[in-house]
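Residue numbers (my numbering), protein chains in the order written: chain A, 482 to 705; chain B, 482 to 705.
For glycine and all other residues, C-beta sits at the position ideal for the given N, C-alpha and C.
For clarity, every value in this text was computed on a predicted model and none was experimentally measured.
Let me begin by presenting the structure, written as structure tokens, before commenting on it.
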DNA sequence: AATAAATTACTGACTGGTCAGTCATAATAC
DNA sequence: GTATTATGACTGACCAGTCAGTAATTTATT
């Protein structure tokens with residue numbers, strides 16, 4: 482949850498506590514438990530009682546911190562994802578190698594910091610529930626997807642400016658390039674969770690990067 | 482629970498009509514209506530009454546043809562997707578051009594025959610509900626995903642054998658290559674359905690194919 | 001051809017279980 | 001002792017699934 486939250490579209494902060502002291506510890510435990518259950522069962526199939534039990538409190542306690550199931554869901558999405566983004570920007574800023582390596586590092590880092598953690602369930606959850614929670618989807622698009630795309634755009638533009646990458650439609654390329662990474666993640670949290678064959682993430686990402694970096698590579702004119 | 486369950490993976494055929502005449506017309510209308518509503522609202526949020534109303538019958542009638550909501554869901558998945566696959570095989574068999582064109586044609590044809598039709602909602606629906614219906618997911622994997630991957634494998638192997646494509650891990654490449662197409666589809670049926678910016682499918686697919694075919698292309702040795 | 005009987009197709013009010021959300025009460029802190 | 005924090009039994013809405021009954025259609029009878 483960004484601290485200086487100036488007029489966000491989705492704003493169901495805990496709020497329940499009327500004034501004075503607020504214990505920040507409890508809500509975090511609750512959203513953690515909620516995230517886990519939402520991800521494994523889906524939103525509709527997750528009972529609030531189970532979330533409460535999972536966090537070691539009673540159902541009533543949930544309502545001290547969240548107005549409703551929907552508010553809890555929003556909080557899960559909000560707290561779950563936003564913090565990660567800043568790190569990506571730093572990675573790009575402090576990178577001096579070639580753009581191909583930068584792209585590789587960025588994607589592998591994202592996989593390590595999101596894909597392999599509990600947060601990895603959020604994108605699939607969001608996809609599944611976007612239709613039922615359009616405002617949350619809009620918030621997610623603004624707070625997660627847009628900044629994420631910005632990072633990738635910087636890398637692609639960097640590569641093109643430096644003559645390492647071919648010129649192609651950047652806005653489209655961003656999503657084409659990230660799609661396999663997202664699919665890998667979504668797959669693991671849907672079909673993968675029920676016995677279906679799953680790819681080794683490292684091998685999958687390696688093949689993807691191999692293919693993409695070859696596809697992006699500018700013709701090496703110097704070779705003549 | 483199926484009556485004479487001769488060990489099919491998923492087998493909840495209409496079956497309700499005990500013997501003699503069976504009207505095949507009605508079930509098709511029902512699954513069509515169900516598909517539409519499941520896709521827009523999700524499984525849990527779709528009321529059987531709405532499906533019935535949408536098909537112009539009463540709720541009771543639904544139960545003449547389907548044992549339960551779950552059986553209806555299975556039927557929707559089953560009838561919805563399977564028929565398409567055979568056409569792909571024909572396309573490959575009767576193709577004489579280069580493998581790059583074949584891949585392009587296959588993907589564009591799939592988009593046209595699935596992506597742009599109501600069937601396009603099935604993959605996202607399946608992803609969302611796989612966790613809650615593992616048997617359906619297993620059936621889907623066997624009846625849709627495996628045959629689909631077989632098609633792509635044939636194209637890739639063809640290209641490699643003929644020296645048009647670089648050699649790389651085929652099993653992984655299959656999924657890497659199809660992932661952006663799937664994501665395009667999933668996106669349109671989730672975030673895209675609630676006001677978020679969406680790609681022009683043709684442009685997206687063109688960029689994807691451009692990138693992939695360049696990435697796949699064997700170094701043209703003849704150029705020296 | 002008209003009528004009755006039998007079969008099939010459909011209906012929608014009803015039931016039983018589930019679960020989000022409430023609130024009177026209890027435990028704990030201060 | 002009183003203010004804060006937590007509880008879990010309770011309520012009311014919701015909806016999958018049922019079933020006694022009605023309508024339509026087919027078959028049999030005269």
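Checklist entry - Got a sec? Which residues, its chain only, sit under 7 Å from residue 533 (chain A) by beta carbon, not counting five neighbours each side? => result Result list for residue 533 (chain A): 539, 540, 542, 543, in chain order.
Checklist entry - DSSP on residue 698 (chain B), reduced to helix/strand/coil? => result strand
Checklist entry - Can you find a CB in chain B that lies within less than 7 Å of the CB of residue 689 (chain A)? => result yes
Checklist entry - Roughly how many whole angstroms lie between the Cα atoms of residue 568 (chain A) and residue 629 (chain A)? => result 11 Å
Next on the checklist: Let me confirm a value: residue 610 (chain B) is counted as buried when at least 16 other C-beta atoms fall within 10 Å, else exposed. Which label applies?
Outcome noted: buried
Checklist entry - Which of helix, strand or coil does DSSP assign to residue 554 (chain B)? => result helix
Next on the checklist: Just to make sure I have the definition right: I need the residues of chain A whose C-beta is within less than 8 Å of the C-beta of residue 615 (chain B). Which are they?
Outcome noted: 675, 676
Checklist entry - Beta-carbon of residue 664 (chain B) versus every beta-carbon of chain A: anything under 7 Å? => result Any Cβ of chain A closer than 7 Å to the Cβ of residue 664 (chain B) would place that residue at the interface, and such an atom is present.
Checklist entry - Which value, in whole angstroms, describes the spacing of the CA atoms of residue 646 (chain A) and residue 648 (chain B)? => result 22 Å
Checklist entry - Is residue 608 (chain A) close to chain B, meaning its C-beta is less than 7 Å from at least one C-beta of that chain? => result Judged by the 7 Å Cβ criterion, residue 608 (chain A) is in contact with chain B.
Item to check | Whether residue 617 (chain B) touches residue 555 (chain B) by CB criterion (7 Å) | outcome: yes
Item to check | Near-chain B residues of the region 522-535 of chain A - C-beta to any C-beta below 9 Å | outcome: Within the region 522-535 of chain A, 522, 523, 524, 525, 526 place their CB atoms closer than 9 Å to a CB of chain B, listed in sequence order.
Next on the checklist: Between B:683, B:677, B:518, which has its C-alpha nearest residue 557 (chain B)'s C-alpha?
Outcome noted: B:518
Item to check | Interface residues of chain B facing residue 661 (chain A) [CB-CB closer than 7 Å] | outcome: 657, 660, 661
Next on the checklist: What residue range does the alpha helix (DSSP H) around residue 603 (chain B) cover?
Outcome noted: 602-610
Next on the checklist: Mapping the DSSP letters down to three states, classify residue 519 (chain A) as helix, strand or coil.
Outcome noted: helix
Checklist entry - Starting from residue 678 (chain A) and walking both ways along the alpha helix (DSSP H), at which residues does that stretch end? => result Where residue 678 (chain A) is concerned, there is no enclosing alpha helix (DSSP H), given that its DSSP letter is neither H nor E.
Item to check | Proximal residues to residue 788 (chain A) (C-beta, below 6 Å), its chain only, five neighbours per side dropped | outcome: Nothing in the structure corresponds to residue 788 (chain A), since chain A is present only between 482 and 705.
Next on the checklist: Less than 6 Å between C-beta atoms, sequence neighbours within five positions excluded: which residues of the same chain meet that for residue 602 (chain B)?
Outcome noted: 520, 670
Checklist entry - Is the CB of residue 503 (chain A) under 7 Å away from at least one CB in chain B? => result Confidence at residue 503 (chain A) is low in this model, with a pLDDT of 43, below 50, so its placement is unreliable and the value that follows should be read with caution. Not closer than 7 Å to any Cβ of chain B, the Cβ of residue 503 (chain A) fails to qualify, so no.
Checklist entry - DSSP on residue 659 (chain A), reduced to helix/strand/coil? => result helix
Item to check | chain A contact for residue 671 (chain B) (CB, 7 Å cutoff) | outcome: yes
Item to check | Nearest candidate by alpha-carbon position, reference residue 692 (chain B), set A:690, A:696, A:691, A:684 | outcome: A:696
Checklist entry - Using a C-beta to C-beta distance shorter than 8 Å, which residues of chain A count as neighbours of residue 685 (chain B)? => result 653, 656, 657
Checklist entry - What first and last residue would you give for the alpha helix (DSSP H) that runs through residue 580 (chain B)? => result 580-591
Item to check | For residue 614 (chain A) and residue 566 (chain B), the rounded distance between their alpha carbons | outcome: 34 Å
Next on the checklist: Rounded to whole angstroms, what is the Cα-Cα separation between residue 608 (chain B) and residue 685 (chain B)?
Outcome noted: In this structure, the alpha-carbon of residue 608 (chain B) lies about 22 Å from that of residue 685 (chain B).
Item to check | Within chain B, the residues that residue 619 (chain A) reaches when beta carbons sit closer than 8 Å | outcome: 675, 676, 677
Checklist entry - In whole angstroms, what separates the C-alpha of residue 522 (chain B) from that of residue 651 (chain B)? => result Rounded to the nearest angstrom, the two C-alpha atoms are 37 Å apart.
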